[in-house]
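These notes concern the structure reproduced below.
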Amino acid sequence: MTTTASGLKLEPDMIPKLRQAFENAIQQLQPALAQAQSAQLTAPAMKDQASVDFQTAFNRSAVQGPDSSAESLQAFHQRLQGVVQQLGAIQQAYNNHETELARNLSSQLEH
Numbered sequence: 049m050t051t052t053a054s055g056l057k058l059e060p061d062m063i064p065k066l067r068q069a070f071e072n073a074i075q076q077l078q079p080a081l082a083q084a085q086s087a088q089l090t091a092p093a094m095k096d097q098a099s100v101d102f103q104t105a106f107n108r109s110a111v112q113g114p115d116s117s118a119e120s121l122q123a124f125h126q127r128l129q130g131v132v133q134q135l136g137a138i139q140q141a142y143n144n145h146e147t148e149l150a151r152n153l154s155s156q157l158e159h
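Those letters in the sequence shown? Residues 49 to 159, per my numbering, in order.
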């Protein structure tokens, strides 16, 4: 059993499946992320001030600024990628540990 930095305990055979699930989530997020980044209104619906103000407010909440939908999706995407990388590192550490154990057992059996 492997324990992550956050204290989550994983059986070794769960790691590749869990990593694949997060990779699938990243793939499913890609279209929404691309759409959110291009969801900007390029021109107000009309030339009146209310339409101009709406366009500005919409673009700010949808695409521009740290609290925009696009930024939130981008941050979520980055967190998912971080989880995939962490799971990869956990899998590699587990594989290295298993290889070292096998090597030690083999050398003990030879003596």
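Here a beta-carbon is modelled for each residue, glycine too, at the ideal position from N, C-alpha and C.
In this text, all values refer to a predicted model and were calculated from it rather than measured experimentally.
Rounded C-beta distance between L81 and Q112? I'm assuming under 8 Å. As a position in the sequence shown, residue 81 is number 33, starting the count at 1. As a position in the sequence shown, residue 112 is number 64, starting the count at 1. Not a contact, Cβ separation roughly 16 Å.
Is the stretch 59–78 close to the stretch 131–150, with three or more CB pairs under 8 Å? yes
Touch test, the stretch 67–75 against the stretch 127–137, Cβ-Cβ under 8 Å, three pairs minimum: Yes, they touch.
Mind the definition here: the stretch 74–93 touches the stretch 118–132 only if three or more C-beta pairs lie below 8 Å; say whether that holds. yes
Where are the alpha helix (DSSP H) runs, 4 residues long or more, that stay fully inside the stretch 69–141, in chain order? 97–110
On the criterion of 16 or more Cβ atoms from any shown chain inside 10 Å, does S116 qualify as buried, or is it exposed? Translated into the one-based positions of the sequence shown, residue 116 becomes position 68. Within 10 angstroms of the beta-carbon of S116 lie 16 or more other beta-carbons, which makes it buried.
A118 to F106 span [Cα, whole Å]: Translated into the one-based positions of the sequence shown, residue 118 becomes position 70. Translated into the one-based positions of the sequence shown, residue 106 becomes position 58. Whole-angstrom Cα-Cα distance: 12 Å.
In chain order, what residues of the same chain lie with their CB nearer than 6 Å to the CB of A93, ignoring the 5 residues before and after it? Taking the sequence shown and counting its residues from 1, one reaches residue 93 at position 45. Once the five neighbours on either side are set aside, the close Cβ partners of A93 are S99.
L77 and L128: beta carbons closer than 8 Å? Working through the sequence shown from its first residue, we reach residue 77 at position 29. Working through the sequence shown from its first residue, we reach residue 128 at position 80. Yes, they are a contact pair.
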